[in-house]
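K.L.:
Counting in my numbering, the sequence shown runs from 16 upward without gaps. Take a look at the following structure, please.
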Amino acid sequence: MTSKEQVPFWKYCPLFVVLACLVRTVPGLDSQEKGAKIPIKTLQDSAFKDLLKVVEKNVDKLTARLTSLETTISSMQFYSIRQFNQISGSLQSTNNDLGTVRKQVNQIEIDGRAQKITLSLLGRDVTELKKSSSDLLSELESSIVYVNENLEKQGDLIKAVLEDTLIKSARETTSQLSKQMEEIALRSETTQTRTVNCTVDLTDLSQHIDLRFAEFKKQTHVHFFK
(Lines of atoms letter the chains of each structure in order from A; the text may use other names.)
(Lines give C-alpha, C1' and ligand atoms only; values in the text may rest on other atoms or scores of the structure.)
Protein backbone atom coordinates (compact mmCIF):
# COMPACT_ATOMS: atom_id res chain seq x y z
CA MET A 16 0.00 0.00 0.00
CA THR A 17 1.49 3.34 -1.04
CA SER A 18 1.33 6.54 0.96
CA LYS A 19 -1.13 8.08 -1.51
CA GLU A 20 -3.69 5.28 -0.91
CA GLN A 21 -6.24 6.17 1.78
CA VAL A 22 -7.44 3.45 4.21
CA PRO A 23 -11.18 3.48 4.96
CA PHE A 24 -12.14 4.34 8.50
CA TRP A 25 -14.15 1.13 9.07
CA LYS A 26 -11.02 -1.02 8.62
CA TYR A 27 -9.76 0.26 12.01
CA CYS A 28 -12.79 -1.16 13.87
CA PRO A 29 -11.16 -4.58 14.62
CA LEU A 30 -8.20 -2.77 16.14
CA PHE A 31 -10.52 -0.85 18.45
CA VAL A 32 -12.23 -4.10 19.50
CA VAL A 33 -8.87 -5.74 20.28
CA LEU A 34 -7.75 -2.77 22.32
CA ALA A 35 -10.98 -2.80 24.30
CA CYS A 36 -10.61 -6.50 25.05
CA LEU A 37 -7.03 -5.98 26.21
CA VAL A 38 -8.08 -3.18 28.51
CA ARG A 39 -10.77 -5.32 30.13
CA THR A 40 -8.67 -8.52 30.50
CA VAL A 41 -5.59 -6.88 32.02
CA PRO A 42 -6.98 -6.72 35.67
CA GLY A 43 -7.79 -10.49 35.63
CA LEU A 44 -4.28 -11.74 34.94
CA ASP A 45 -2.92 -14.71 36.98
CA SER A 46 -0.53 -14.25 39.83
CA GLN A 47 2.17 -15.81 37.68
CA GLU A 48 2.09 -12.75 35.45
CA LYS A 49 2.35 -10.24 38.28
CA GLY A 50 6.10 -10.45 38.09
CA ALA A 51 5.99 -8.86 34.67
CA LYS A 52 5.14 -5.51 36.30
CA ILE A 53 3.23 -4.03 33.33
CA PRO A 54 1.46 -0.83 34.37
CA ILE A 55 -2.17 -1.12 33.27
CA LYS A 56 -2.74 2.60 33.31
CA THR A 57 0.24 3.14 31.05
CA LEU A 58 -1.07 0.53 28.62
CA GLN A 59 -4.49 2.13 28.61
CA ASP A 60 -2.99 5.55 28.05
CA SER A 61 -0.87 4.22 25.23
CA ALA A 62 -3.84 2.48 23.63
CA PHE A 63 -5.98 5.60 23.93
CA LYS A 64 -3.18 7.73 22.52
CA ASP A 65 -2.78 5.41 19.55
CA LEU A 66 -6.51 5.33 19.07
CA LEU A 67 -6.69 9.13 19.28
CA LYS A 68 -3.83 9.44 16.80
CA VAL A 69 -5.64 7.16 14.38
CA VAL A 70 -8.89 9.05 14.90
CA GLU A 71 -7.18 12.44 14.51
CA LYS A 72 -5.39 11.22 11.41
CA ASN A 73 -8.66 10.03 9.88
CA VAL A 74 -10.43 13.19 10.99
CA ASP A 75 -7.69 15.28 9.35
CA LYS A 76 -8.01 13.25 6.19
CA LEU A 77 -11.79 13.62 6.29
CA THR A 78 -11.44 17.35 6.92
CA ALA A 79 -9.02 17.66 4.00
CA ARG A 80 -11.42 15.73 1.81
CA LEU A 81 -14.33 17.91 2.88
CA THR A 82 -12.25 21.04 2.26
CA SER A 83 -11.26 19.75 -1.18
CA LEU A 84 -14.87 18.86 -1.86
CA GLU A 85 -16.03 22.33 -0.79
CA THR A 86 -13.35 23.92 -2.97
CA THR A 87 -14.39 21.76 -5.90
CA ILE A 88 -18.05 22.59 -5.33
CA SER A 89 -17.24 26.31 -5.06
CA SER A 90 -15.17 26.13 -8.24
CA MET A 91 -17.96 24.28 -9.98
CA GLN A 92 -20.49 26.83 -8.76
CA PHE A 93 -18.28 29.72 -9.87
CA TYR A 94 -17.67 28.06 -13.22
CA SER A 95 -21.38 27.31 -13.60
CA ILE A 96 -22.30 30.90 -12.73
CA ARG A 97 -19.72 32.25 -15.16
CA GLN A 98 -20.90 29.87 -17.87
CA PHE A 99 -24.48 30.85 -17.13
CA ASN A 100 -23.57 34.54 -17.39
CA GLN A 101 -21.74 33.89 -20.66
CA ILE A 102 -24.68 31.94 -22.02
CA SER A 103 -27.06 34.67 -20.86
CA GLY A 104 -24.89 37.31 -22.55
CA SER A 105 -24.75 35.26 -25.74
CA LEU A 106 -28.51 34.79 -25.70
CA GLN A 107 -29.03 38.52 -25.11
CA SER A 108 -26.65 39.35 -27.96
CA THR A 109 -28.47 36.85 -30.18
CA ASN A 110 -31.81 38.41 -29.25
CA ASN A 111 -30.44 41.86 -30.06
CA ASP A 112 -29.13 40.63 -33.40
CA LEU A 113 -32.48 39.01 -34.15
CA GLY A 114 -34.23 42.26 -33.24
CA THR A 115 -31.94 44.18 -35.60
CA VAL A 116 -32.53 41.66 -38.38
CA ARG A 117 -36.29 41.86 -37.75
CA LYS A 118 -36.16 45.65 -38.00
CA GLN A 119 -34.15 45.42 -41.22
CA VAL A 120 -36.63 42.92 -42.67
CA ASN A 121 -39.53 45.21 -41.74
CA GLN A 122 -37.73 48.17 -43.30
CA ILE A 123 -37.09 46.13 -46.46
CA GLU A 124 -40.77 45.21 -46.60
CA ILE A 125 -41.76 48.86 -46.16
CA ASP A 126 -39.28 49.93 -48.86
CA GLY A 127 -40.59 47.20 -51.15
CA ARG A 128 -44.17 48.38 -50.68
CA ALA A 129 -43.12 51.99 -51.32
CA GLN A 130 -41.27 50.89 -54.47
CA LYS A 131 -44.33 48.96 -55.67
CA ILE A 132 -46.51 52.03 -55.12
CA THR A 133 -43.96 54.24 -56.89
CA LEU A 134 -43.72 51.81 -59.81
CA SER A 135 -47.49 51.63 -60.13
CA LEU A 136 -47.74 55.44 -60.09
CA LEU A 137 -44.91 55.66 -62.63
CA GLY A 138 -46.64 53.13 -64.87
CA ARG A 139 -49.88 55.12 -64.61
CA ASP A 140 -48.01 58.33 -65.48
CA VAL A 141 -46.34 56.63 -68.45
CA THR A 142 -49.72 55.36 -69.66
CA GLU A 143 -51.24 58.82 -69.31
CA LEU A 144 -48.21 60.33 -71.07
CA LYS A 145 -48.60 57.86 -73.94
CA LYS A 146 -52.28 58.68 -74.19
CA SER A 147 -51.69 62.44 -74.06
CA SER A 148 -48.84 62.13 -76.57
CA SER A 149 -51.09 60.14 -78.90
CA ASP A 150 -53.83 62.74 -78.51
CA LEU A 151 -51.37 65.55 -79.15
CA LEU A 152 -49.99 63.78 -82.22
CA SER A 153 -53.48 63.20 -83.58
CA GLU A 154 -54.39 66.84 -82.90
CA LEU A 155 -51.15 67.98 -84.53
CA GLU A 156 -51.83 65.80 -87.54
CA SER A 157 -55.36 67.18 -87.78
CA SER A 158 -53.99 70.72 -87.44
CA ILE A 159 -51.42 70.10 -90.17
CA VAL A 160 -54.10 68.69 -92.47
CA TYR A 161 -56.35 71.64 -91.65
CA VAL A 162 -53.51 74.09 -92.28
CA ASN A 163 -52.68 72.41 -95.58
CA GLU A 164 -56.30 72.52 -96.64
CA ASN A 165 -56.57 76.16 -95.57
CA LEU A 166 -53.34 76.96 -97.36
CA GLU A 167 -54.69 75.41 -100.54
CA LYS A 168 -57.96 77.25 -100.12
CA GLN A 169 -56.20 80.51 -99.31
CA GLY A 170 -53.85 79.97 -102.24
CA ASP A 171 -56.77 79.40 -104.57
CA LEU A 172 -58.54 82.42 -103.09
CA ILE A 173 -55.45 84.60 -103.40
CA LYS A 174 -54.93 83.36 -106.94
CA ALA A 175 -58.52 84.15 -107.82
CA VAL A 176 -58.26 87.58 -106.19
CA LEU A 177 -55.02 88.29 -108.02
CA GLU A 178 -56.48 87.12 -111.29
CA ASP A 179 -59.54 89.28 -110.74
CA THR A 180 -57.37 92.23 -109.77
CA LEU A 181 -55.05 91.79 -112.74
CA ILE A 182 -57.90 91.28 -115.14
CA LYS A 183 -59.70 94.30 -113.74
CA SER A 184 -56.49 96.35 -113.90
CA ALA A 185 -55.86 95.17 -117.45
CA ARG A 186 -59.39 95.99 -118.41
CA GLU A 187 -59.11 99.41 -116.84
CA THR A 188 -55.77 99.99 -118.55
CA THR A 189 -57.19 98.79 -121.86
CA SER A 190 -60.23 101.01 -121.48
CA GLN A 191 -58.04 103.95 -120.63
CA LEU A 192 -55.83 103.23 -123.63
CA SER A 193 -58.82 102.88 -125.88
CA LYS A 194 -60.19 106.16 -124.62
CA GLN A 195 -56.86 107.81 -125.15
CA MET A 196 -56.66 106.30 -128.66
CA GLU A 197 -60.13 107.56 -129.41
CA GLU A 198 -59.15 111.00 -128.16
CA ILE A 199 -56.03 110.89 -130.29
CA ALA A 200 -58.07 109.81 -133.30
CA LEU A 201 -60.53 112.63 -132.72
CA ARG A 202 -57.71 115.07 -132.34
CA SER A 203 -56.09 113.81 -135.51
CA GLU A 204 -59.36 114.13 -137.38
CA THR A 205 -59.83 117.67 -136.12
CA THR A 206 -56.29 118.55 -137.02
CA GLN A 207 -56.74 117.08 -140.48
CA THR A 208 -59.87 119.16 -141.10
CA ARG A 209 -57.98 122.22 -140.24
CA THR A 210 -55.76 123.53 -142.92
CA VAL A 211 -52.82 124.30 -140.79
CA ASN A 212 -49.36 123.61 -141.97
CA CYS A 213 -47.82 122.11 -138.79
CA THR A 214 -46.51 118.87 -137.43
CA VAL A 215 -48.12 117.01 -134.41
CA ASP A 216 -45.74 115.97 -131.58
CA LEU A 217 -46.78 112.47 -130.32
CA THR A 218 -43.77 111.94 -128.08
CA ASP A 219 -45.69 112.42 -124.80
CA LEU A 220 -48.43 110.05 -125.88
CA SER A 221 -45.93 107.37 -126.85
CA GLN A 222 -44.11 107.71 -123.53
CA HIS A 223 -47.40 107.51 -121.61
CA ILE A 224 -48.43 104.34 -123.46
CA ASP A 225 -45.02 102.74 -122.88
CA LEU A 226 -45.19 103.61 -119.19
CA ARG A 227 -48.66 102.07 -118.78
CA PHE A 228 -47.58 98.84 -120.52
CA ALA A 229 -44.44 98.64 -118.35
CA GLU A 230 -46.54 99.00 -115.17
CA PHE A 231 -48.97 96.35 -116.39
CA LYS A 232 -46.10 93.95 -117.16
CA LYS A 233 -44.49 94.60 -113.78
CA GLN A 234 -47.72 93.94 -111.86
CA THR A 235 -48.28 90.71 -113.77
CA HIS A 236 -44.76 89.49 -113.05
CA VAL A 237 -45.03 90.35 -109.34
CA HIS A 238 -48.36 88.56 -108.83
CA PHE A 239 -47.51 85.35 -110.68
CA PHE A 240 -43.80 84.92 -109.91
CA LYS A 241 -43.50 86.17 -106.33
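Glycine included, every Cβ here is placed at the ideal spot set by N, Cα and C. As the structure is a prediction and not an experimental result, all values here were calculated from the model.
Quick one, are the C-beta atoms of Arg6 and Thr180 less than 8 Å apart?
P.N.:
Only positions 16 to 241 of the chain appear in the structure, and residue 6 is not among them; the question remains open.
K.L.:
Determine, using beta carbons only, whether Leu192 and Ile224 come nearer to each other than 8 Å.
P.N.:
Against a cut-off of 8 Å, the Cβ pair of Ile224 and Leu192 comes out as a contact.
K.L.:
Using only the alpha-carbon positions, how far apart do Thr174 and Lys146 sit?
P.N.:
At residue 174 the sequence reads Lys, which differs from the Thr that was named. Taking the straight line joining both Cα atoms gives about 41 Å.
K.L.:
Kindly list the residues whose CB is nearer than 6 Å to the CB of Glu71, restricted to its own chain and excluding five residues on each side of it in sequence; keep chain order.
P.N.:
Once the five neighbours on either side are set aside, Glu71 has no close Cβ partner at all.
K.L.:
How big is the Cα-Cα spacing for Val116 and Glu154?
P.N.:
Spanning the two alpha carbons is a distance of roughly 56 Å.
K.L.:
Alpha carbon to alpha carbon, how far is Ser83 from Gln59? Give it in angstroms, no decimals.
P.N.:
Roughly 35 Å separates the two Cα atoms.
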